[in-house]
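Just so you know, we're using the numbering used here here: the sequence shown kicks off at 71 and counts up by one.
Note that beta-carbon positions come from the ideal geometry of N, C-alpha and C, so glycine has one too.
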Amino acid sequence: MSETKKRALVTGITGQDGGHLAKLLHEKDYEIYGIIRGQHNPKREAIVEEFPYVTLIEADLCDQSSLIRAMELAKPDEVYNLGAISHVGYSFKNPQLTADITGKGVLNILEAIRLTDAENKVRFYQASTSEMFGGLEYNRPEKGYNEDSAFHPRSPYGVAKLYGYWITKNYRESYNMFAVSGILFNHEGERRGPEFVTRKITKAVARIKLGLQEYIELGDLWPKRDWGYAGDYVEGMWRMLQADEPKDYVLATGETYSIEQFLDLAFKEIGIDDWHPYVKQNPAFMRPAEVDLLLGDPSKAEKELGWKREVDFPGLVKLMVENDLIVEAKNIKL
Ligand code: NAP
Ligand code: G4F
Numbered sequence: 071m072s073e074t075k076k077r078a079l080v081t082g083i084t085g086q087d088g089g090h091l092a093k094l095l096h097e098k099d100y101e102i103y104g105i106i107r108g109q110h111n112p113k114r115e116a117i118v119e120e121f122p123y124v125t126l127i128e129a130d131l132c133d134q135s136s137l138i139r140a141m142e143l144a145k146p147d148e149v150y151n152l153g154a155i156s157h158v159g160y161s162f163k164n165p166q167l168t169a170d171i172t173g174k175g176v177l178n179i180l181e182a183i184r185l186t187d188a189e190n191k192v193r194f195y196q197a198s199t200s201e202m203f204g205g206l207e208y209n210r211p212e213k214g215y216n217e218d219s220a221f222h223p224r225s226p227y228g229v230a231k232l233y234g235y236w237i238t239k240n241y242r243e244s245y246n247m248f249a250v251s252g253i254l255f256n257h258e259g260e261r262r263g264p265e266f267v268t269r270k271i272t273k274a275v276a277r278i279k280l281g282l283q284e285y286i287e288l289g290d291l292w293p294k295r296d297w298g299y300a301g302d303y304v305e306g307m308w309r310m311l312q313a314d315e316p317k318d319y320v321l322a323t324g325e326t327y328s329i330e331q332f333l334d335l336a337f338k339e340i341g342i343d344d345w346h347p348y349v350k351q352n353p354a355f356m357r358p359a360e361v362d363l364l365l366g367d368p369s370k371a372e373k374e375l376g377w378k379r380e381v382d383f384p385g386l387v388k389l390m391v392e393n394d395l396i397v398e399a400k401n402i403k404l
């Protein structure tokens, strides 16, 4: 092990962003430590196989002593807190668990850093979210939400994330920690969990093409999201921790599209122009309160960090459908 290598500790290593970040940090020659939860996490084998260079540490965001132990083992220069209950619909059904992990979990890891980092040198990234804005008309600037926009979360997830945002800011101001929030708009890709609408659609589209499925059941189709590619967004996270000063940044594409528009492009990829016969609406996938429209203004990150998304909306849909056609075809052969 080289003494000059930077060291990173990542919570949420088994998630979408954790995978992209592990790849990025490896390319940048980091020594990477990832927190894995549960006594037999079903994702462990896949992580060990794909990222043999990541050292896994068993810990949980709800257990502060385990986070202190993780800090002592990893001795990181940078901590990326990506771990959370991240599904908005699930958070309505499990609001207290969401508060404990997605909200108080942030306090637990900040305290673990404060208690173990005597020199106050660790840089901390908190995975904040556009869900904190709530997508309502009254607080939405014409160019999209920015770092100064008012918050109005519309789900237990958004409320828990807002606590994480403020406690991160509070530790920065109280203890002079290099602790920042990336306020990230939706980002998707081939690693996206199948419970999120984009992956649910591209997986179904591939299966319909291969004759494995007849239709897809979805909730509301009119909400709009600012959808980017996760690979672009982890680069922005890393840049936030390399900056001279600890500041919060919005990462977004500056464009917004409805789920219907996503369906249009995804079905066109398999030669179907009218998706309506293949989509059924099911109230089970609707939420008690919806976020109508998310649009972000990434100007500050573009100007100060030199960050810019590379994959556009059609490119994102295409790469996801192409990936799922390969994944689902492999499943047939098994
Ligand atoms: P994801 O795929 O759902 O991954 C969530 C990760 O959190 C998983 O690795 C999960 O581990 C871990 N986790 C859950 N409960 C935990 C606990 N008690 N202790 C430790 N780890 C725990 O989410 P993602 O899309 O990669 O997003 C990463 C972060 O960015 C999340 O905090 C999310 O809320 C936030 N965010 C995401 C987006 C987006 O569009 N993707 C936008 C804004 C913000 P298991 O595998 O064991 O469940
Ligand atoms: O894909 P979604 O579940 O993502 P959502 O709720 O926008 O949250 C994602 O992005 C946030 C950033 O803004 C992150 F903080 C969060 O962690 C997560 O990554 O739903 C997108 C839209 C919603 O309006 C939802 O109601 O799609 C709608 N939708 C319609 N049918 C559906 C479905 N969503 C899901 N998951 N499943 C459906 O069947």
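Beta-carbon proximity of residue 282 to residue 306, cut-off 7 Å: no
Using alpha carbons as the reference points, say which of 350, 402, 96, 180 lies closest to residue 271. The residue with the shortest Cα to Cα distance from residue 271 is 350.
At a cut-off of 6 Å, would you count residue 131 as near ligand 1, judging by its Cβ distance to the nearest heavy atom? yes
If the criterion is Cβ atoms closer than 7 Å, does the pair residue 178 and residue 232 meet it? no
Quick one: what's got a C-beta closer than 6 Å to residue 398's C-beta in the same chain, skipping five residues either side? 276, 277, 280
Taking the Cβ atom as the reference point for each residue, do residue 235 and residue 198 lie within a distance shorter than 7 Å? yes
Residue 267 beta carbon near ligand 2 (any heavy atom closer than 6 Å): yes
Option nearest residue 109 by Cα separation, candidates 291, 266, 127, 227: 127
Does residue 192 come out as helix, strand or coil in the three-state DSSP assignment? coil
Taking residue 253 as the reference, give the member of 159, 205, 318, 268 with the closest Cα. 318
Need the endpoints of the alpha helix (DSSP H) that residue 309 sits in, please. 300-312
Please report the distance separating the alpha-carbon of residue 186 from that of residue 168. Straight-line spacing of the CA atoms in residue 186 and residue 168 works out to 26 Å.
Does ligand 4 have a heavy atom nearer than 6 Å to the CB of residue 256? In the structure on display, ligand 4 does not appear, and the ligands it does have are ligand 1 and ligand 2.
Which one or two residues does DSSP pair with residue 366 in a beta bridge? 215
Would you kindly work out how many angstroms separate the C-alpha atoms of residue 390 and residue 284, rounded to a whole number? Each residue's alpha carbon lies about 19 Å from the other.
Please state whether DSSP places residue 80 in a helix, a strand or coil. strand
Measuring only the C-alpha atoms, how far is residue 297 from residue 259? 10 Å
Could you check where the alpha helix (DSSP H) with residue 162 kicks off and where it finishes? 158-163
Between the segment 157-175 and the segment 329-346, do three or more beta carbon pairs fall short of 8 Å? no
Among 380, 122, 267, 310, nearest to residue 370 - alpha-carbon criterion: 310
Would you mind sorting residue 256 into buried or exposed? The rule is 16 or more other CB atoms within 10 Å of its CB. buried
Mind checking residue 84: buried by the 16 CB within 10 Å criterion, or exposed? Within 10 angstroms of the beta-carbon of residue 84 lie 16 or more other beta-carbons, which makes it buried.
First and last residue of the beta strand (DSSP E) that includes residue 151? 148-151
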